[in-house]
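Data first, discussion second: the structure below is written as structure tokens.
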Amino acid sequence: MQLQDGRYVLPGGIDPLELVKRFDAPLYVYDASVMERQYRRMVEAFDVPRLRINYACKALTNLHVLERFRKWGAGLDTVSIQEVELGLMAGFRPEDILFTPNCVSMEEYEMAVQRGVRINIDSTSILEQFGNLHPDVPVCIRFNPHIMAGGSHKISVGHIDSKFGISIHQLPHVLRIVEATGLRVEGLHMHTGSDILDAEVFLAGAEILLDMARHFPDLDFIDFGSGFKVPYKEGDVATDIGELGRRLSERFRAFCASYGRDLTLMFEPGKFLVSEAGYFLVRTNVVKTTPSTVFACVDSGFNHLIRPMFYEAYHHIVNLSNPAGKPRIYTVVGYICETDTFGVNRKLAEVREGDILAFYNAGAYCYSMASNYNSRFRPAEVLVENGQAVLIRRRETLQDLLATQMVEAPVNE
Ligand SMILES: *Cc1c(COP(=O)(O)O)cnc(C)c1O
Numbered sequence: 557m558q559l560q561d562g563r564y565v566l567p568g569g570i571d572p573l574e575l576v577k578r579f580d581a582p583l584y585v586y587d588a589s590v591m592e593r594q595y596r597r598m599v600e601a602f603d604v605p606r607l608r609i610n611y612a613c614k615a616l617t618n619l620h621v622l623e624r625f626r627k628w629g630a631g632l633d634t635v636s637i638q639e640v641e642l643g644l645m646a647g648f649r650p651e652d653i654l655f656t657p658n659c660v661s662m663e664e665y666e667m668a669v670q671r672g673v674r675i676n677i678d679s680t681s682i683l684e685q686f687g688n689l690h691p692d693v694p695v696c697i698r699f700n701p702h703i704m705a706g707g708s709h710k711i712s713v714g715h716i717d718s719k720f721g722i723s724i725h726q727l728p729h730v731l732r733i734v735e736a737t738g739l740r741v742e743g744l745h746m747h748t749g750s751d752i753l754d755a756e757v758f759l760a761g762a763e764i765l766l767d768m769a770r771h772f773p774d775l776d777f778i779d780f781g782s783g784f785k786v787p788y789k790e791g792d793v794a795t796d797i798g799e800l801g802r803r804l805s806e807r808f809r810a811f812c813a814s815y816g817r818d819l820t821l822m823f824e825p826g827k828f829l830v831s832e833a834g835y836f837l838v839r840t841n842v843v844k845t846t847p848s849t850v851f852a853c854v855d856s857g858f859n860h861l862i863r864p865m866f867y868e869a870y871h872h873i874v875n876l877s878n879p880a881g882k883p884r885i886y887t888v889v890g891y892i893c894e895t896d897t898f899g900v901n902r903k904l905a906e907v908r909e910g911d912i913l914a915f916y917n918a919g920a921y922c923y924s925m926a927s928n929y930n931s932r933f934r935p936a937e938v939l940v941e942n943g944q945a946v947l948i949r950r951r952e953t954l955q956d957l958l959a960t961q962m963v964e965a966p967v968n969e
């Protein structure tokens with residue numbers, strides 16, 4: 557979204573305030589051109605004979621978004637059987653879907669086998685059970701390289717205390733299971749967490765995984781996970797995807813030469829592909845002045861966008877309705893009956909009651925983490941593409957809240 561001639565516009569000249577008039581607020585708006593640009597950036601950064609980018613769809617699971625990524629040539633990374641079902645509905649071929657769950661039951665793996673998707677196993681217990689039941693179904697193994705990475709402890713999943721993956725120190729046990737069951741290991745995988753700043757961290761992890769790979773002669777792919785950082789505010793450092801691409805491609809080509817075969821280099825970004833494509837538009841209900849603070853109180857809360865409260869994530873905020881207004885300092889809060897602060901001491905063009913504010917970086921882990929807390933409806937979602945704005949999910953209604961409740965007769969009869 558750009559400030560053009562004194563007002564904010566989306567690509568194709570679409571006025572976000574018009575979208576609010578059409579679809580009401582709060583509203584999620586996604587710019588497909590940003591998703592496509594990010595996907596192409598990723599693809600172009602790597603120079604290897606076989607490359608696969610799987611979209612980690614937990615970031616944003618709308619079917620229309622999934623379909624776009626399929627059309628652009630991506631595969632899909634899924635963490636639940638429900639995401640697998642959505643991927644299949646969006647037209648992905650089973651072999652283009654990787655199922656990477658954590659701590660799920662054998663029954664859920666069984667369902668994934670029935671769907672024919674690729675399976676990523678992250679404990680020795682499941683590996684052994686799986687190998688006994690399905691020695692003929694190839695698997696990927698998720699290793700934990702024990703690298704401390706990630707923007708906050710909550711999103712760092714590769715460290716020593718983490719529940720994710722099979723420890724690299726358990727390699728002998730893994731090899732024993734593989735040999736005893738006759739499993740074919742077609743892939744190795746790692747994912748060290750989100751918000752990794754540094755190409756060095758990736759390369760260190762990659763080195764460890766490539767070291768593991770020598771022990772598995774039947775590999776088809778090596779998946780280096782994700783964790784690419786995107787900018788949230790001016791001056792933020794993002795993962796230098798170009799540098800990472802150059803250095804890892806070179807290392808990977810050398811590895812393949814020594815392995816004797818070209819393997820597929822795989823990544824599974826979520827945030828990198830969709831974070832910057834999203835905006836969350838909210839309406840200011842009240843401007844409230846206390847002895848210490850001016851609050852801009854909006855018609856949303858952590859029921860719709862939990863990242864600021866859950867991860868202390870920063871989301872840039874602008875006032876769409878009064879872009880030329882005098883800058884003033886606000887704390888932006890929601891309408892939930894609990895502390896739900898979106899941003900503290902933010903300089904915004906003067907906010908008046910009724911003004912529409914926009915949160916940036918609202919593409920990843922925003923709608924997909926939304927809930928019905930306080931019995932509020934989840935917002936609608938709009939996809940902007942080629943100068944058109946299309947409603948891709950309607951706003952919920954009271955019927956949606958009641959859909960799963962066993963109500964036989966009106967309660968207030
Ligand atoms: C969440 C997750 C991703 C995506 O992480 P981002 O930081 O959004 O890129 C990739 N792989 C696995 C296994 C995940 O759990």
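So for the sequence shown, the working numbering puts the first residue at 557; every next one is plus one. The beta-carbon is built from N, C-alpha and C at its ideal position, and this holds for glycine as well.
Contact test: residue i Cβ vs ligand 1 heavy atom, cutoff 7 Å
| i | result |
| --- | --- |
| A615 | yes |
| T820 | no |
| T656 | yes |
| F784 | yes |
| P825 | yes |
| S918 | This sequence places Ala at residue 918; Ser is not what is there. Result no, Cβ not under 7 Å from ligand 1. |
| F602 | no |
| G781 | yes |
| A959 | no |
| V741 | no |
| F828 | yes |
| D633 | yes |
| H725 | no |
| A668 | no |
| H860 | no |
| A880 | no |
| A612 | yes |
| V747 | A small correction: the amino acid at residue 747 is His; Val does not occupy that position in the sequence shown. It does: the Cβ of H747 is within 7 Å (strictly closer) of some heavy atom of ligand 1. |
Cβ shell of residue i (< 6 Å), same chain only, five flanking positions each side left out
| i | result |
| --- | --- |
| I530 | Residue 530 lies beyond the range of the chain shown here (557 to 969); nothing can be said about it. |
| G926 | Per the sequence presented here, residue 926 reads as Ala, with Gly not at that position. The answer, listed in chain order, is H860, R934. |
| V660 | none |
| A869 | R863 |
| H729 | T680 |
| P694 | R740, E742 |
| R674 | L654 |
| N610 | G631, L632, D633, L654, E824 |
| S856 | P582, V838, G890 |
| V590 | E832, A833 |
| R884 | E906 |
| E684 | I733 |
Own chain partners of residue i with C-beta closer than 7 Å, once the 5 adjacent residues on each side are dropped
| i | result |
| --- | --- |
| A762 | F780, L804, R807 |
| S978 | Absent from the model: residue 978. The displayed extent of the chain is 557 to 969, so no value can be given. |
| L619 | L642, M645, A646 |
| G910 | R839, T840 |
| R671 | V640, L644, P650 |
| S924 | K614, A615, L616, T617 |
8 Å Cβ shell around residue i - same chain, five flanking residues per side excluded
| i | result |
| --- | --- |
| I873 | V888, F898, G899, R902, L904, L913, A914, F915, Y916 |
| P879 | L559, G562, R563, Y564, A905 |
| N658 | V635, D678, K719, F720 |
| L821 | F602, V604, R606, L607, R608, F777, I778, F780, L804, S805, F808 |
| K664 | First, the amino acid is wrong: residue 664 is Glu here, not Lys. Same-chain partners within the cutoff: S636, I637, P657. |
CB contact check: residue i to chain B, cutoff 8 Å
| i | result |
| --- | --- |
| L904 | Here there is only one protein chain, and chain B is not present. |
Three or more C-beta pairs under 8 Å: does that hold for the segment 832-839 against the segment 578-594? The segment 832-839 vs the segment 578-594: in contact.
Answer yes if the segment 719-737 comes into contact with the segment 678-696, meaning at least three C-beta pairs across the two stretches below 8 Å, and no otherwise. For the pair of segments examined, the segment 678-696 was found to touch the segment 719-737: the number of CB pairs separated by less than 8 Å reaches three.
May I have a chain-ordered list of the beta strand (DSSP E) segments no shorter than 3 residues that lie completely inside the segment 634-664? Listed in chain order, they are 653-655.
Touch check for the segment 846-857 and the segment 616-635: three-plus C-beta pairs under 8 Å? At 8 Å Cβ cutoff, the stretches do not touch.
Taking 8 Å as the cut-off, does the segment 813-830 touch the segment 769-789 (at least 3 CB pairs, one atom from each stretch)? As far as the Cβ criterion goes, the segment 769-789 touches the segment 813-830, which means the pair count is three or higher.
Are at least three pairs of beta-carbons, each pair with one atom in the segment 946-954 and one in the segment 891-899, less than 8 Å apart? By the C-beta criterion, the segment 946-954 is judged not to be in contact with the segment 891-899, since fewer than 3 inter-stretch pairs fall below 8 Å.
Would you call the segment 911-930 and the segment 600-609 touching, i.e. three or more CB-CB distances under 8 Å? Counting Cβ pairs under 8 Å, fewer than three are found: no touch.
Three or more beta-carbon pairs under 8 Å between the segment 717-727 and the segment 694-704, yes or no? These segments touch.
Pairs of beta-carbons, one from the segment 875-882 and one from the segment 786-803, closer than 8 Å: are there three or more? Fewer than three Cβ pairs drawn from the segment 875-882 and the segment 786-803 lie within less than 8 Å of each other, which leaves the two stretches out of contact.
Which ranges does the beta strand (DSSP E) cover as unbroken runs of at least 3 residues, wholly within the segment 805-891, from first to last along the chain? Listed in chain order, they are 820-823, 834-845, 850-854, 873-875, 883-889.
Curious, which full-length beta strand (DSSP E) runs of at least 3 residues does the segment 715-753 contain? 741-745, all fully within the segment 715-753.
Going residue by residue through the segment 767-805, where are the continuous beta strand (DSSP E) segments of at least 3 residues, counting only ones entirely within it? If you keep only unbroken beta strand (DSSP E) runs of at least 3 residues inside the segment 767-805, you get 777-779.
Quick check on the DSSP output: what are the complete beta strand (DSSP E) runs of length 3 or more inside the segment 896-920, in order along the chain? Complete beta strand (DSSP E) runs here, min 3: 897-905, 912-915.
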